Amino acid sequence: MWKLFTQQKFMLMWLGFMITILSWYAAVKWLPISSFQRLPDPLTVVIEWFNTDPDYGLSVFTRDYYLHIWYSTYRATTSFILAVILGVPLGILMGWRVKVNDYASALLSILRPIPPLAWVPVAILIFPGSEPAVIFVTFLVAFFATTMNTLLGVKSINSDYFKAAQCLGARPKDILRDIIIPGALPSIFTGLQIAMGAAWFSLVAGEMIAAQYGLGFMILESYNLVQYPTIIIMMITLGIVGYISSAIIRLVGNHLMRWREQSMGLSLT
Amino acid sequence: MTDKPVIIDSSTDARFGHLSVQNVSKVYDPLGAHVEALDDCSLEIPAGEFIAVVGPSGCGKSTLLNILAGFDNLTAGQVLIDGEKLATIDHPPRPGSDRVVVFQNGALFPWKTVLQNVVYGLVVQNRFPESEANEMGMELLARSGNLDRIAGSYPSQLSSGMQRRVEILRALINNPRILLLDEPFRAMDTVSKTTMHRYLLEIYDQYHKTVFFITHDLDEAIFLADTVVVMTTRPGTIKLRLDVDLPRPRTRETMLSQRFLELKQQAVSAVHEEAKKAFERGERELA
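If you read the protein sequences in the order shown, they are chains A and B.
Residue numbering for the first sequence follows my numbering, starting at 15 and increasing by one per position.
Residue numbering for the second sequence follows my numbering, starting at 160 and increasing by one per position.
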């Protein structure tokens, strides 16, 4: 175990953390810029974070801390799952059937560049309550990322695979299962990674505007209530939760694409 | 219990794999650019014959292969296989496991193992339960140079020559009437190519499948085939049909024999003429 931590890779990793924390400490404590001094230093944040009786009401020992994490995770996951359920099949259909592509691609090209925040007022108007509105806004960005990367994945499949499958007697449903889905999978999972990142991004923005709970809500709320250490705690928590969510996607992807892992470093043609 | 598939030796059953191409023409984009790819092309390929088709780039070799494979339709004439209509204008051909293509750049499915690739045809057509198909796949792999040892590998772990061998077996296991090989050894170095030739001939001598083999390489064509067909530049027609009367099994010595050189001489002049035409026309089209 000790060996693992002394490896160069881990040394460098810890060095990176150390330098960042030290710079943060230095900026707050030593820089003669008064506005920087409003920020809590790393030590204050850590003490607050692991305090059994936190000054501002949120630490790993309080129920509310997990409630905020739970709300944000629940919203991000729901949006993400909706995006996968709708985006992957749409992307596959668009890549597979020219007609579907003709219907959808121009429409998507115009809707996609609209930033998620621009949807917030409309979302609040059309949905009862803020919960579905936040989920909707989060869903949208994830959906576009998923659809576009799935489409790209299907288009990038070598056309000889389709011909070969037909020669061997595959019917359309076989081609979908044996060629299109596995062939598009690498690109689909790239899309899912992007979608998850984008989901967190717009979730936090959405929560700041229209929510009662959640990490994004709490960041803005702590600012308003002058609870600065809590802001930092929530930000770091977001980082950790976001990292875990994309690590899960990566693990699932690697599991589904073992054929690819074995061929790393070898050309595919 | 289903019957075990027997890969039928076409030399014992003259009805299996006879291909008849009759006055076939193919025009791409007839209302627009009107590109004549094939013009009144006729070709008889008896069952069990190895035919190699050579010609300059764009002479319609691949068009002909696409029609035989069922990827593309003809615009005149007809193609019969064992007396049945394969393609006419009213009856566009469809891809099927009786005519399997081995592709120029290889088309093994990278997400399937060697064994899964080989048995894919049997499984997807529901001809056999998967376990039985796997057994048959292993048997065929084992019989073909002990390839059963790589059954669990993924294609990208294999050399390109090995990939091509597996792809040929993936076609063969379906007991096709005809094997369509679209310049399968083009991207290979000379040494691997020689190995592949030996391997392909071994398979041919074993099963006597009708083989339709496209290539640019005249040595390869004469060395492998019973008949070498030289096609003209576009619109493609048959310029020369050369009977290769070299004895089988063919060995390295075959390529050094007097007869081999004579045949090559005939083929070279025919190919050269067409290549020159194609080249000159290319210049005119640019001007």
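The beta carbon of each residue, even a glycine, is placed where N, CA and C say it ideally should be.
Note that the structure is a prediction, hence the values are computed from the model and not measured.
Chain B contact for residue i (CB, 8 Å cutoff)
| i | result |
| --- | --- |
| G183 (chain A) | yes |
| D174 (chain A) | yes |
| P68 (chain A) | no |
| K177 (chain A) | yes |
| P186 (chain A) | no |
| L280 (chain A) | Confidence at L280 (chain A) is low in this model, with a pLDDT of 44, below 50, so its placement is unreliable and the value that follows should be read with caution. So, interface residue. |
| T283 (chain A) | Its pLDDT being 34, under 50, T283 (chain A) is placed unreliably by the model, and the measurement read from it follows with that caveat. With 8 Å as the cut-off, T283 (chain A) counts as an interface residue toward chain B. |
| W110 (chain A) | no |
| P196 (chain A) | yes |
| W63 (chain A) | no |
| F24 (chain A) | no |
| Q241 (chain A) | no |
| W214 (chain A) | no |
| W273 (chain A) | yes |
| Q226 (chain A) | no |
Check whether residue i and residue j have beta carbons under 8 Å apart
| i | j | result |
| --- | --- | --- |
| P447 (chain B) | N264 (chain B) | Within the shown structure, residues of chain B are numbered from 160 to 446, placing residue 447 (chain B) beyond reach of any answer. |
| L401 (chain B) | A426 (chain B) | yes |
| I309 (chain B) | I362 (chain B) | no |
| L223 (chain B) | L239 (chain B) | no |
| G253 (chain A) | H82 (chain A) | no |
| D256 (chain B) | N333 (chain B) | Before going on, a small fix: residue 256 (chain B) reads as Ser here, not Asp. Closer than 8 Å, so yes. |
| P4 (chain A) | S216 (chain A) | Any property of residue 4 (chain A) remains undetermined from this structure, which presents chain A solely from 15 to 283. |
| I195 (chain A) | F176 (chain A) | no |
Residue span of the alpha helix (DSSP H) that contains residue i, given as start and end
| i | result |
| --- | --- |
| N293 (chain B) | E289 to R302 |
| N115 (chain A) | V112 to L125 |
| M355 (chain B) | T349 to Y366 |
| F150 (chain A) | S144 to K169 |
| N182 (chain B) | Not the alpha helix (DSSP H): N182 (chain B) falls in the beta strand (DSSP E), residues L178 to Y187. |
| T58 (chain A) | P56 to W63 |
| V282 (chain B) | Y279 to V283 |
| G236 (chain B) | From DSSP, G236 (chain B) is part of no alpha helix (DSSP H) but of the beta strand (DSSP E) over A235 to I240. |
Spatial neighbours of residue i in its chain, beta-carbon cut-off 7 Å, leaving aside the 5 residues before and after
| i | result |
| --- | --- |
| I245 (chain A) | I233, S236 and Y237 |
| W273 (chain A) | none |
| L377 (chain B) | V213, K423, A426, V427 and V430 |
| F141 (chain A) | A147 and F150 |
Beta-carbon proximity list for residue i, same chain, < 8 Å, skipping 5 on both sides
| i | result |
| --- | --- |
| I263 (chain A) | F203, L206, Q207 and M210 |
| E444 (chain B) | With a pLDDT of 47 at E444 (chain B), under the threshold of 50, the predicted position of this residue should be treated as unreliable, though the coordinate-derived value follows. Within the same chain, E444 (chain B) has no close Cβ partners at all. |
| L415 (chain B) | none |
| D385 (chain B) | E208, F209, I210, D402 and V403 |
| D55 (chain A) | W38, Y39, V42 and K43 |
Top-ranked residue by Cα proximity to residue i, from the options
| i | options | result |
| --- | --- | --- |
| L121 (chain A) | A:T152, A:T161 and A:A213 | A:T161 |
| L53 (chain A) | A:P243, A:V266, A:G267 and A:N268 | A:P243 |
| Q424 (chain B) | B:V387, B:S303, B:E439 and B:A301 | B:V387 |
| V240 (chain A) | A:I106, A:A179, A:D69 and A:V98 | A:D69 |
| A213 (chain A) | A:M222, A:F157 and A:V168 | A:F157 |
| D199 (chain B) | B:D241, B:R393 and B:L420 | B:R393 |
| R418 (chain B) | B:R440, B:K271 and B:F382 | B:F382 |
| A235 (chain B) | B:T247, B:V259 and B:A346 | B:T247 |
| M249 (chain A) | A:M271, A:A219 and A:L270 | A:A219 |
| L300 (chain B) | B:K352, B:T272 and B:R286 | B:T272 |
| L96 (chain A) | A:G183, A:T251, A:F153 and A:N163 | A:F153 |
| N305 (chain B) | B:D231, B:L274 and B:L340 | B:L274 |
| V60 (chain A) | A:V134, A:F50 and A:I35 | A:I35 |
| M347 (chain B) | B:M390, B:P205, B:M321 and B:D257 | B:M321 |
| D249 (chain B) | B:A330, B:R323, B:V180 and B:Q237 | B:Q237 |
| L270 (chain A) | A:A225, A:S201 and A:S259 | A:S201 |
Neighbourhood of residue i by C-beta distance below 6 Å, restricted to the same chain and skipping five residues each side
| i | result |
| --- | --- |
| F31 (chain A) | none |
| L165 (chain A) | G105, M108 and G109 |
| P215 (chain B) | T392, E433, A434 and A437 |
| A159 (chain A) | G205, I208, A209 and A212 |
| L29 (chain A) | none |
CB contact check: residue i to chain A, cutoff 8 Å
| i | result |
| --- | --- |
| G236 (chain B) | no |
| P269 (chain B) | yes |
| F262 (chain B) | yes |
| V213 (chain B) | no |
| G255 (chain B) | yes |
| T161 (chain B) | Only weak support is given to the placement of T161 (chain B): the predicted model assigns it a pLDDT of 42, under 50, and the value that follows is read from those uncertain coordinates. Taking Cβ atoms only, chain A never reaches closer than 8 Å to T161 (chain B), which makes this a no. |
| N293 (chain B) | no |
| F175 (chain B) | no |
| A266 (chain B) | yes |
| V277 (chain B) | no |
| Y313 (chain B) | yes |
| A228 (chain B) | yes |
heavy atom of the ligand NAP below 7 Å from residue i C-beta
| i | result |
| --- | --- |
| G228 (chain A) | Although the ligand NAP was asked about, the structure shown includes no ligands whatsoever. |
Beta strand (DSSP E) segment containing residue i, residue limits
| i | result |
| --- | --- |
| F372 (chain B) | T369 to I373 |
| D448 (chain B) | What the structure shows of chain B is the stretch from 160 to 446, and residue 448 (chain B) is not part of that stretch, so it cannot be assessed. |
| L340 (chain B) | I337 to D341 |
| I397 (chain B) | I397 to D402 |
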